[in-house]
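*Asks:* The structure under discussion is supplied below as structure tokens; questions concerning it will follow.
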């Protein structure tokens with residue numbers, strides 16, 4: 006598929022599709038040949054761009070995609086994705102015909118859902134489902150042997166509904182201590198023993214478990230955060246047997262440069278006061294783009310040097326203190342590399358006292374995404390102009 010696009014502001018995200026493919030291929034090498042990869046592209050592929058990431062994942066060997074909600078799956082279908090798509094979150098039984106017509110695979114975990122959905126499903130349609138088992142996350146899922154028996158029986162009694170898979174989700178696979186994950190795995194294996202017939206897909210591993218918990222591979226794994234080149238947690242970073250490559254970088258350009266005098270103040274609230282005569286540069290990115298006010302003081306790369314954000318970050322702009330005059334139009338990197346310096350997503354996450362998952366997700370769709378492959382621009386995705 007070929008893409009077109011444009012944007013009219015000096016702030017953008019770059020997505021390296023080669024890095025996404027390389028990360029998945031590296032993970033695939035850790036898995037037995039019979040274990041399939043399910044690429045998780047929910048939340049606009051963790052902020053990276055759903056269709057381009059999905060296609061890169063399929064090229065790299067993923068056999069199925071996973072999203073959180075039906076809307077995300079429908080968006081992928083409308084953009085031309087024909088590969089299997091698993092909806093991980095709860096779906097309404099009233100929407101089963103839409104899911105069946107689009108060949109989506111739904112997650113189920115309630116007997117009454119099956120009964121209601123079966124009464125709505127058109128007689129000429131069929132649908133595949135995966136049972137979600139709750140082994141200790143306590144979010145959604147079947148939690149007892151009796152519930153699982155009843156759910157399996159309800160599915161079996163409805164010929165239009167096929168039980169294609171069963172899965173669970175680990176709560177602590179990204180921690181050094183795998184004891185709780187071991188307990189969850191035991192519960193999952195116990196519940197599998199309840200089934201009269203095992204389905205085609207059995208999966209429990211997220212990125213962390215896929216990389217470091219081979220006992221939990223079964224015949225499929227769900228790869229999310231690691232696909233994007235981010236370690237599932239800083240705690241296990243040193244234990245990873247593969248090198249992950251960040252695919253996401255964030256850039257802007259100086260749109261104004263001025264010299265201010267000692268004692269002059271910058272931005273709302275006048276919280277920053279120049280200690281001497283200083284050069285101040287303005288970048289067209291702010292909290293409406295996801296570059297939130299708590300990032301005041303964070304470094305930005307300008308000509309390969311770190312310079313701090315000064316004053317409060319505005320809705321659409323922020324200011325940096327420059328070491329000397331720098332021309333308007335100079336490229337600046339907020340996440341990524343310039344020359345020998347790098348600002349990683351983990352650095353931003355640490356500044357915000359959160360996890361790296363949140364950072365690319367919080368950079369809003371107002372910021373265009375440029376997709377690159379083999380060093381060349383493949384596409385621009387700008388939802389504002391779509």
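In the numbering used here, the protein residues as written are 6 to 391. Idealized CB from N, CA, C, for every residue including glycine. Small disclaimer: the values here were computed from a predicted structure and weren't measured.
1. Could you tell me the alpha carbon to alpha carbon distance between residue 144 and residue 189, rounded to whole angstroms?
2. Spatial neighbours of residue 331 within its chain, please: C-beta separation below 8 Å, excluding the five flanking residues on both sides.
3. Taking the continuous beta strand (DSSP E) assigned at residue 155, which residues delimit it?
4. What first and last residue would you give for the alpha helix (DSSP H) that runs through residue 59?
5. Ends of the alpha helix (DSSP H) at residue 81?
6. Over the uninterrupted alpha helix (DSSP H) stretch that includes residue 27, give me the two end residues.
7. Express the C-alpha separation of residue 272 and residue 305 in angstroms, rounding to a whole number.
8. Do residue 229 and residue 212 have their beta-carbon atoms positioned less than 8 Å apart in this structure?
9. Report, in whole angstroms, the separation of the C-beta atoms of residue 325 and residue 312, which I expect to be a contact under 8 Å.
10. Which partner residues of residue 278 appear in the DSSP bridge assignment?
11. CB-CB under 8 Å to residue 8, same chain, minus the five flanking residues each way: which ones, in chain order?
12. Give the DSSP bridge partners of residue 144, in chain order.
13. Pick out whichever of 53, 355, 250 and 264 has its Cα sitting closest to the Cα of residue 302.
14. Applying the criterion that 16 or more other CB atoms from any shown protein chain within 10 Å of the CB defines a buried residue, is residue 391 buried or exposed?
15. Measure the Cβ-Cβ separation of residue 35 and residue 216 and say whether it is below 8 Å.
16. Determine which residues share a DSSP beta bridge with residue 369 and list them.
17. Candidates 157, 328 and 270: which alpha carbon is nearest residue 117's?
18. Going by DSSP in three states, residue 118 sits in which element: helix, strand or coil?
19. Could you tell me which of 11, 18, 29 and 16 sits nearest to residue 235, measuring between CA atoms?
20. Using only the alpha-carbon positions, how far apart do residue 15 and residue 179 sit?
21. Starting from residue 187, trace the alpha helix (DSSP H) both ways and give me its first and last residue.
22. Give me the Cα-Cα distance between residue 138 and residue 94, rounded to the nearest whole angstrom.
23. Helix, strand or coil: which one does DSSP assign to residue 51?
24. Using DSSP bridges, identify the partner residues of residue 374.
25. Do the segment 169 to 179 and the segment 187 to 203 touch if we need at least three Cβ pairs shorter than 8 Å?
26. Where does residue 327 fall in DSSP's three states?
27. Between the C-alpha atoms of residue 50 and residue 299, what's the straight-line distance to the nearest angstrom?
28. Check whether the Cβ atoms of residue 187 and residue 255 sit closer than 8 Å, and answer yes or no.
29. Assuming the contact rule is C-beta atoms closer than 8 Å, residue 62 and residue 44 should be a hit. Round their C-beta distance to whole Å, please.
30. Any idea if residue 125 is buried or exposed, counting beta-carbon neighbours within 10 angstroms, 16 or more meaning buried?
31. Assign residue 6 to buried or exposed, taking buried as 16 or more other Cβ atoms, counted over all protein chains shown, within 10 Å of its Cβ.
32. Look up residue 217 in the DSSP assignment and say whether it is helix, strand or coil.
33. Considering only residues of the same chain and omitting the five flanking positions on each side of residue 321, which have a CB-CB separation below 7 Å?
34. Is the separation between the beta-carbon of residue 150 and that of residue 196 shorter than 8 Å?
35. Which of helix, strand or coil does DSSP assign to residue 206?
*Replies:* In short, the structure shows the following:
1. Using only the alpha carbons, I get a separation of about 14 Å.
2. The beta carbon of residue 331 sits closer than 8 Å to the beta carbons of 259, 262, 284, 286, 307 and 308 from its chain, once the five residues preceding and following it are set aside; these are given in chain order.
3. Careful: residue 155 lies outside any beta strand (DSSP E), inside the alpha helix (DSSP H) at 150 to 161.
4. In the DSSP assignment, residue 59 falls within the alpha helix (DSSP H) that extends over 55 to 64.
5. In the DSSP assignment, residue 81 falls within the unbroken alpha helix (DSSP H) covering 75 to 83.
6. 22 to 34 is the span of the alpha helix (DSSP H), which, as asked, contains residue 27.
7. Inter-residue distance for residue 305 and residue 272 is about 17 Å (C-alpha atoms, whole angstroms).
8. The criterion of a C-beta distance shorter than 8 Å is satisfied by residue 212 and residue 229.
9. 5 Å between Cβ atoms; contact.
10. According to DSSP, which records beta bridges pairwise, residue 278 is partnered with 270.
11. Residue placement at residue 8 is poorly supported in this model, since its pLDDT is 43, which falls under 50; the coordinates still yield a value, given next. Closer than 8 Å at the Cβ level, and outside the excluded window around residue 8, lie 57, 376, 383, 384, 385 and 386.
12. Answer by DSSP bridge pairing: none, since residue 144 is not bridged.
13. Of the residues 53, 355, 250 and 264, the one whose Cα lies closest to the Cα of residue 302 is 355.
14. A residue is called buried when at least 16 other Cβ atoms come within 10 angstroms of its Cβ; residue 391 does not meet this threshold and is exposed.
15. Yes, these two residues count as a Cβ contact at 8 Å.
16. Residue 369 pairs with nothing; no bridge assigned.
17. The residue with the shortest Cα to Cα distance from residue 117 is 157.
18. In the structure shown, residue 118 sits in a helix (DSSP, three-state: H, G or I).
19. If we check each option's Cα against that of residue 235, 29 comes out closest.
20. Spanning the two alpha carbons is a distance of roughly 37 Å.
21. Annotation for residue 187: the continuous alpha helix (DSSP H) segment containing it runs 184 to 197.
22. Residue 138 and residue 94: Cα-Cα distance of roughly 12 Å.
23. Residue 51 sits in a helix when the DSSP states are folded into three classes.
24. BP columns for residue 374 point to 18 and 386.
25. Result yes; three or more Cβ-Cβ pairs closer than 8 Å.
26. In the structure shown, residue 327 sits in a strand (DSSP, three-state: E or B).
27. Straight-line Cα distance between these residues: approximately 25 Å.
28. No; because the gap between Cβ atoms is not below 8 Å, this pair is not in contact.
29. The C-beta distance from residue 62 to residue 44 rounds to 4 Å, short enough to meet the 8 Å contact threshold.
30. Around the C-beta of residue 125, fewer than 16 other C-beta atoms lie within 10 Å, and the residue is accordingly described as exposed.
31. Unreliable positioning characterises residue 6 in this predicted model, as indicated by a pLDDT of 36, which lies under 50. The coordinate reading is nonetheless provided below. Exposed, because fewer than 16 other Cβ atoms sit within 10 Å of the Cβ of residue 6.
32. Residue state, collapsed to three classes: helix.
33. Same-chain partners within the cutoff: 289, 291 and 293.
34. Against a cut-off of 8 Å, the Cβ pair of residue 196 and residue 150 comes out as a contact.
35. Collapsing the DSSP output to three states places residue 206 in a strand.
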